[in-house]
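*Asks:* Have a look at this one.
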Amino acid sequence: MATDLVRGAYSGKETFGYYNSATHASQTWVEMPRIRNMQTNRGPALTEVEFHGAAETGNIPGYKKFAGSFEYVRKRGADTVWDALVAARDAGSIIEIAHLNGPITSDDAKGWECPVLLGEFSEPANGNDGVVVTIPFAKADAFDASGDAVNYAPLSGSSS
1 MATDLVRGAY SGKETFGYYN SATHASQTWV EMPRIRNMQT NRGPALTEVE FHGAAETGNI
61 PGYKKFAGSF EYVRKRGADT VWDALVAARD AGSIIEIAHL NGPITSDDAK GWECPVLLGE
121 FSEPANGNDG VVVTIPFAKA DAFDASGDAV NYAPLSGSSS
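The opening position of the sequence shown corresponds to residue 1 in my numbering, with each subsequent residue numbered one higher.
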């Protein structure tokens with residue numbers, strides 16, 4: 001075994017998702033252990049440009065966008081994470097979520113945080129399959145108590 005080599009990649013099952021149960025100024029991250037398949041789309045929207053005299057269309061970058069979805073595996077009985085997600089969706093409330101490549105309590109963990117709004121949940125219940133809910137989200141138009149915009153931001157874990 002080559003003891004001087006380290007693995008370069010990580011798998012989705014090694015990632016961690018969280019939501020903030022407190023305030024933006026004093027965050028308390030709660031793990032969402034039953035999420036899977038986190039997908040994000042981040043970057044500028046591309047706008048197609050057409051004009052007479054051109055043989056082909058082109059694109060120009062527009063506003064930056066951050067949106068995505070994740071799946072939540074429902075469980076029987078009490079589930080405070082599910083309850084928080086449903087409450088945020090139903091109230092149209094902003095919820096801060098985070099996704100990292102390790103536990104948030106690890107100094108090596110890297111990822112992102114973003115204030116989002118949750119969209120329409122899709123909840124199929126098929127035969128022998130577990131009940132898995134697809135939860136779409138998009139960056140919220142959010143501001144802190146000082147009136148500063150709160151956007152997508154890199155996030156590092158911390159053991160302190």
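Each residue gets a CB set at the ideal place from its N, CA and C atoms; glycine is no exception.
Fair warning: this is a prediction, and the values are worked out from it, not measured in the lab.
Among the candidates 152, 160, 157 and 156, whose CA atom is the shortest distance from the CA of residue 65?
*Replies:* Residue 152 is the option with its Cα nearest to residue 65.
*Asks:* Can you confirm whether the region 74-87 touches the region 48-64 when touching is taken to mean that 3 or more C-beta pairs between the two stretches lie within less than 8 Å?
*Replies:* No, the region 48-64 does not touch the region 74-87.
*Asks:* For residue 23, tell me which candidate among 145, 158 and 85 has the shortest Cα-Cα distance.
*Replies:* Nearest option by C-alpha distance: 145.
*Asks:* Hey, would you say residue 29 sits closer than 8 Å to residue 98, going by beta carbons?
*Replies:* The answer is yes: Cβ separation under 8 Å.
*Asks:* I'd like the span of the beta strand (DSSP E) that includes residue 133, first residue to last.
*Replies:* Per DSSP, residue 133 belongs to the beta strand (DSSP E) from 132-139.
*Asks:* Compute the beta-carbon to beta-carbon distance between residue 41 and residue 68, rounded to the nearest angstrom, for a pair I have assumed lies under 8 Å.
*Replies:* Right, the Cβ-Cβ distance comes to about 6 Å (below 8 Å), so this counts as a contact.
*Asks:* Thinking residue 137 and residue 117 are a contact (beta carbons under 8 Å), I'd like their distance in whole angstroms, please.
*Replies:* At roughly 7 Å, the Cβ-Cβ gap stays under 8 Å, so residue 137 and residue 117 are in contact.
*Asks:* Measure how close the beta-carbons of residue 38 and residue 15 come, nearest whole angstrom, since I'm counting them as under 8 Å.
*Replies:* Between residue 15 and residue 38 the Cβ distance is about 7 Å, and since that is below 8 Å, they are a contact.
*Asks:* Measuring alpha carbon to alpha carbon, tell me which residue in 105, 51, 72 and 134 is nearest residue 159.
*Replies:* The option with the nearest alpha carbon to residue 159 is 105.
*Asks:* Check each candidate in 56, 31, 92 and 101 and name the one with the smallest Cα separation from residue 140.
*Replies:* It is 92 whose Cα lies nearest to the Cα of residue 140.
*Asks:* When the Cα atoms are used, what is the spatial distance from residue 157 to residue 113?
*Replies:* Cα to Cα, residue 157 sits roughly 11 Å from residue 113.
*Asks:* Can you list, in chain order, the residues of its chain with a C-beta nearer than 8 Å to that of residue 44? Leave out the 5 residues immediately preceding and following it.
*Replies:* Once the five neighbours on either side are set aside, the close Cβ partners of residue 44 are 61, 62, 63, 64 and 65.
*Asks:* Residue 155 by DSSP, collapsed to three states: which one?
*Replies:* Strand, per DSSP.
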